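What follows is one structure encoded as structure tokens, with my remarks underneath.
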Amino acid sequence: RERQRNERIFERQGNRNPFIDVPLFAHQLWSPVPTHASSLSQTGFTANWSTPLDATKYYLQVVTDTLTVIPISGYNDYDAGLYTSKAISGLSSANTYYYRLRSYFVSGYSMYSPWLTVNLPTPTATLTALGSVYEYDLDGLQVNINLQGASFSSSSLNPSQFTLQNAPAGLSIHSVTYQNVSTATLTLSFDGSDFDDNYHITVLISPAVLSQTTSIQSSALQLIAYIETPLTIDFVSDQITLNISEVEDADSYIIFSSTDPYGGYIPYSAMGYFDSQDPKRWIQSAAPQARQFYKAAAIKN
């Protein structure tokens, strides 16, 4: 009915009551209204609010649920004086918080302002390889794990606090070296078990070594498989041509060589060249005079 009355007044007098059109105007006049949250971190934020027309002091309320309205410890009508911001700490990362305010006058209180929602960021961790991520190079590979928005709570780290996820069979964490509060280096161990699919490994970090009560899962790091494939050898004078059996959807091929047929194979592609017309043919113009063994593998990036 008040809205109808407001419309009739506007039709006859050309003016209207803004408090009926937009009831929130009343909050903005007499209550501090949340404007924005600044300085967001995984464990806190700074609440900011506007200045009402008049007040003796402001009371701040911070909750995790606007339905039950159960304030967090210390923030059930926290006395904020006449300040227009308050740094709030000791919160839980990745959680959502809400805050609102009201004014105190000598004669009583204003209504509460609307709630403002604050989403605390989620801590992350990034994996970065310090060497080759190809299958034959995984044993002893070092990987840095860098924390963002969190830190290690101790310089004493061990492999049991780091879980390797989605890893090929035979790959494990051999050791962990603390570098600083946000960086550790993992040294991997690999028993050479063959795999023919690329893997995207992640690491789950236990809260036991973190400055928070929840675990952190790292970003993914791709490990690239060598898909072994048969080959044949053609000799023409002192030139050797290796004919590689095609692997479906292969992006490239690589040649390995060794003087021992049972081990010690190293990358050898650079000692010859791949045919520009047929990438499955590898040619070495000057054949080695010593006994040499070859094998080939395909790569899917």
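So for the sequence shown, this note's numbering puts the first residue at 5; every next one is plus one. Cβ atoms here follow ideal geometry from the backbone N, Cα and C, with glycine treated the same way. Small disclaimer: the values here were computed from a predicted structure and weren't measured.
Is residue i helix, strand or coil when you go by DSSP?
i	result
E250	coil
S107	strand
W34	helix
D141	helix
Q293	coil
A224	coil
A171	coil
S89	strand
Q46	coil
S273	helix
S256	strand
Looking at the strands, I want to know which residues DSSP matches up with residue i.
i	result
I76	BP columns for I76 are empty, so no partner.
G267	D264
F156	L214
N123	T100
T245	D238 and I287
F278	W286
L190	V147 and V180
F3	Since the first residue of the chain shown is 5 and the last is 305, residue 3 is not available in this structure.
G112	F109
D83	Y63
Taking the beta strand (DSSP E) that residue i falls in, what are its first and last residues?
i	result
K304	That residue, K304, is in no beta strand (DSSP E); it is neither H nor E in DSSP.
K284	Note, K284: premise wrong, no beta strand (DSSP E); not H, not E.
D195	Where D195 is concerned, there is no enclosing beta strand (DSSP E), given that its DSSP letter is neither H nor E.
N150	Q146 to Q152
Q183	L175 to N184
N52	F49 to W53
Q65	K61 to V67
Y203	Y203 to I209
A229	Where A229 is concerned, there is no enclosing beta strand (DSSP E), given that its DSSP letter is neither H nor E.
T128	T128 to A133
S239	A small correction: the amino acid at residue 239 is Phe; Ser does not occupy that position in the sequence shown. Unbroken beta strand (DSSP E) run through F239: L235 to V240.
Would you verify that the beta carbon of residue i is, or is not, closer than 7 Å to some beta carbon of chain D?
i	result
F239	Of the protein chains in this structure there is only one, and it is not chain D.
Segment contact flag, the segment 114–125 with the segment 187–195, C-beta cutoff 8 Å, min 3 pairs: no
The segment 283–301 / the segment 206–216 touching (three or more Cβ pairs under 8 Å): no
Cβ contact check for the segment 49–69 and the segment 83–103: 3 or more pairs under 8 Å: yes
At least 3 beta-carbon pairs within less than 8 Å: the segment 294–303 vs the segment 248–256: yes
Stretch-stretch touch, CB-based, cutoff 8 Å, three pairs: the segment 79–87 with the segment 46–65: yes
Sufficient close CB pairs (3 or more, under 8 Å) joining the segment 233–242 to the segment 108–117: no
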